[in-house]
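Note that our numbering has the sequence shown beginning at 1, numbered continuously upward. C-beta atoms are modelled at their ideal positions from N, C-alpha and C, and glycine is treated no differently.
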Amino acid sequence: MGEKQQKMEKVICRHQQGCSIHALKAALKVLVASYTAATSLSLLRVLFKKKKNNLIVEIYNAFKKEWNLRVACFTSSFVFTIKSLNCLLRSLRGVDDGKNAIIAGGIAGLSLLTMSPGGLRTDFSLYVWSRAIDVLFRVYTGTLPGKMKIHYAWEVLFFMLSQAAITHASVLEPHNLKPSFYTWIAFLAGDSVVKYSQKISKSVCNNENYHFPTKSFNPFFGPKEENKLSETEEKQTINVPPKIKVDCTEFHSSCIEASIIAFRDAFIKTIKVYVPLYGVPRLVFGLLSARKSKKYGDTLVNVFKSTLIDSVRSSTFLGVYCTILAGSICFFRSFSDYDKRIHFILSGFVSGSSLVIDKAKRYSELNLYCLSRVFEVMYNVLVEHFAGTKMKFHETPALDVAVFCWSCSILFWAHQFKPELIRNPFRMGMNSLLGAT
C-alpha cells in the first residue's frame, strides 16, 4: 500500500495554484510574446518598405493586422491545450507516461486550424514534420549525443539527392513548388532557372509569365502578396516534353563567364542576408552574457569575427552551388542538342556537393529544411501525375493539420521523456514555449 501511494504521489501535478491556472498563465505569457514578435516583424516590414503612403496609418495597421492575431491565437491555444490535457490525463490515468504526451500533443495540434489555409500554416506543418522525422530517425538509429553519430558524408549525400529533386521541379515543374520557395530559388540562381523556365513556358504553353509565381522577392520578408499571379495561372499544368531543343547562346555568350557571374551574383545577394542573420542574434546574446564580465569590447570583436567568417563561408557555399548548377546544365547540354529531364536531376545532384564548404553543424538544419520541401514537391508531383488531380498539399483539406497533429505527438513525447533526441535550437524553442509541464 505504501509503494502504491508513493507511486501516485509522483504522478500528481505539483502546480501550486492548480493545473488550470498554470496552463492559463502559460498561455497568456505566450500570447503576449507571440503577438509582440509578430507585430515587430510587421513593423519592420513597414519600415523597410520602399513606398510609404502614410507611415502613421501603416504603423497603426501593423498592430491590428489579422496575421499577428492569428499567430498569437495559434501559439497560445496550443500551449493551453497541451498543458491542460497533459495534466488532465495524468490525473485521470494516475501515471505519467508517453501515452499522455502523444494524446495531448496530437489534440493540441488542432490549434493550427486557427491559422489561414496555406502560407504559414503549411510552413509550420512541414517544418514541425521534418523535426518529428528527425526524432524518429534518431530513435531508430540510436544516434544520441555521446554515441555513434551519422557521418557527415551521409548528410552531404542526402542534400545532393534533395537538390536533384528540387532542381528538377524548379526548372521543369515550378507549379509544384510553393510560390515563395520558387521565388527564393529564382532570386538565388537567377538565369540558371528563370530564363530557362521562361523559354519552356513560352514554347510549351505560350505563357511567358507562368513560371513567375511572384514578380519580386525580399530576402527578409519573402514575396510581395500584390505581385502574385491569379489562381487560374497558378493551377495551370505544363506538360514538358521529354527533351527540348536548346542552344546555350540563347542565354549567354560564354558558359564559363555565365558560371562566374552566377557565383558573383549569388555571393552578393546572400552575404546581405547572412550578415544580419548571423550577427544580430550573436550580438544580442553576446552583450547579455558580457554583463557580468563587463568585457564588451572583446565581445564585439568576437561577434564581428565569427559573423564575418560564417557569413563569407555560407555565401561562398551558395555561390559555388549556383556556379556548379549553371556549369553542369551547360556541360550536359554540350553532349547533345537537347535538354532532358535527367540533365537537371544530375545538375542538382552535383551542385549539392557544394555543401561541404559550409559549416558541418549546419548540415542537419539545411537537410531538414530541404526534406520538408522535397516532401511537398513529391506529394504534389505524385498527386498530379498519378491521382489525376491538381490539388496541391496546401489545398488538400486539413492535410497540413493532420500532419501537424502527428508531428506534435512525436515531438511532445520526446520533449517530455527524451529531450536529447531533439536538436538545438529547436529544443531550446520548445523549452521556452512549453517550459515545465
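* Between the CA atoms of Leu89 and Ser372 - distance to the nearest angstrom -> Answer to the nearest angstrom: the Cα atoms are 32 Å apart.
* Asked: Unbroken beta strand (DSSP E) runs of length 3 or more, entirely within the region 250–334: which are they?
  -> Qualifying beta strand (DSSP E) stretches: none in this window.
* **6 Å CB neighbourhood of Ala164 in its chain, flanking five on each side removed** => Correct list, in chain order: Ile345, Gly348, Phe349.
* **Separation of Ala72 from Ser34, as counted between CA atoms** => If you take the alpha carbons of Ser34 and Ala72, they lie about 5 Å apart.
* Assign Met115 to one of two classes, buried (16 or more other C-beta atoms within 10 Å of its C-beta) or exposed (fewer than that). => By the beta-carbon neighbour count (other beta carbons within 10 angstroms, threshold 16), Met115 is buried.
* Asked: Where does Asp134 fall in DSSP's three states?
  -> In the three-state reduction of the DSSP assignment, Asp134 falls in the helix class, which pools H, G and I.
* Alpha-carbon to alpha-carbon, Leu41 and Glu58 -> Taking C-alpha positions only, Glu58 is separated from Leu41 by approximately 13 Å.
* To do: State the DSSP-derived secondary structure class of Asp400, mapped to helix, strand or coil.
  => Assigned with DSSP and collapsed to three states, Asp400 falls in helix.
* To do: Could you check the C-alpha separation between Cys408 and Asn68 for me, to the nearest Å?
  => Cys408 and Asn68 have their C-alpha atoms spaced approximately 22 Å apart.
* Asked: In whole angstroms, what separates the C-alpha of Ala402 from that of Ile309?
  -> The alpha-carbon atoms of Ala402 and Ile309 are separated by roughly 41 Å.
* Asked: Does the beta carbon of Phe393 sit closer than 8 Å to a beta carbon anywhere in chain D?
  -> Among the protein chains of the structure shown there is no chain D, as only one such chain exists.
* How many angstroms separate the CA atom of Tyr338 from the CA atom of Glu250? -> For Tyr338 and Glu250, the distance between alpha carbons rounds to 13 Å.
* If you draw a straight line from the alpha carbon of Tyr274 to that of Leu92, how long is it in whole angstroms? -> Near 50 Å, if we compare the C-alpha coordinates of Leu92 and Tyr274.
* What residue ranges within the region 84–127 form continuous alpha helix (DSSP H) runs of no fewer than 4 residues, ordered along the chain? -> As far as the region 84–127 is concerned, its whole alpha helix (DSSP H) runs of at least 4 residues are 98–108.
* Asked: For Phe404 versus Phe124, is the C-beta spacing smaller than 8 Å?
  -> Yes, Cβ-Cβ distance for Phe404 and Phe124 is below 8 Å.
* Count the CB pairs spanning the region 425–436 and the region 153–170 that are closer than 8 Å, and state whether there are at least three. => The way I'd put it, the region 425–436 doesn't touch the region 153–170; fewer than three beta-carbon pairs between them come closer than 8 Å.
* What do you get for Ile329, buried or exposed, if any count of 16 or more other CB atoms within 10 angstroms of its CB means buried? -> Buried is the call here.
* Taking just the CA atoms, how far does Pro174 sit from Leu288? -> Approximately 44 Å between the Cα atoms of the pair.
* How would you label Glu225, buried or exposed, when you count the other beta carbons within 10 angstroms and need 16 or more for buried? -> Confidence is the limiting factor: at Glu225 the pLDDT is only 43, short of 50, which leaves the residue's position unreliable and the question unanswerable from this model.
* In whole angstroms, what separates the C-alpha of Trp406 from that of Gln416? -> Approximately 16 Å between the Cα atoms of the pair.
* **Distance, Leu368 Cα to His168 Cα** => Looking at the backbone, the Cα of His168 and that of Leu368 are separated by about 19 Å.
* Asked: According to the neighbour-count rule (16 or more other Cβ atoms, all chains shown, within 10 Å of its Cβ), is Asn424 buried or exposed?
  -> Counting Cβ neighbours within 10 Å, Asn424 comes out exposed, since fewer than 16 surround it.
* For Val30 versus Val79, is the C-beta distance shorter than 8 Å? -> Cβ distance < 8 Å, so Val30 and Val79 count as in contact.
* Under three-state DSSP, which class holds Met391? -> Met391: coil per DSSP, three-state reduction.
* Asked: Can you give the beta carbon distance from Pro179 to His394, rounded, assuming they're within the 8 Å contact cut?
  -> 10 Å between Cβ atoms; not a contact.
* Asked: Ser170 lies in the alpha helix (DSSP H); which residues open and close that run?
  -> Per DSSP, the continuous alpha helix (DSSP H) segment holding Ser170 begins and ends at 152–172.
* Could you check the C-alpha separation between Leu110 and Leu85 for me, to the nearest Å? => Leu110 and Leu85 have their alpha carbons spaced roughly 13 Å apart.
* To do: Measure the C-alpha to C-alpha separation of Ile103 and Val95 and round it to an integer number of angstroms.
  => Taking the straight line from one Cα to the other gives about 14 Å.
* Assign Leu188 to one of two classes, buried (16 or more other C-beta atoms within 10 Å of its C-beta) or exposed (fewer than that). => Per the 10 Å Cβ criterion, buried.
* **Boundaries of the alpha helix (DSSP H) in which Gly429 is found, first to last residue** => Here the alpha helix (DSSP H) through Gly429 covers 426–434.
* Exposed or buried, which one is Arg138 when buried takes at least 16 other CB atoms within 10 Å? -> In the assembly as shown, Arg138 is a buried residue. Its beta-carbon has 16 or more other beta-carbons within 10 Å.
* To do: Measure the Cβ-Cβ separation of Tyr321 and Tyr152 and say whether it is below 8 Å.
  => Taking a C-beta distance under 8 Å as the contact criterion, Tyr321 and Tyr152 do not qualify as a contact pair.
* Asked: Going by C-alpha distance, which of Asp97, Thr183, Lys305 is nearest Leu283?
  -> Nearest C-alpha to Leu283: Lys305.
* **Given Arg341 as reference, the closest of Asn61, Lys65, Ser170 once Cα atoms are compared** => Comparing Cα-Cα distances from Arg341 to each of Asn61, Lys65, Ser170, the minimum goes to Ser170.
* Closer than 7 Å: is that where the CB of Ser364 sits relative to any heavy atom of the ligand ADP? -> Judged by which ligands are present, the structure shown has none, so any question about the ligand ADP falls away.
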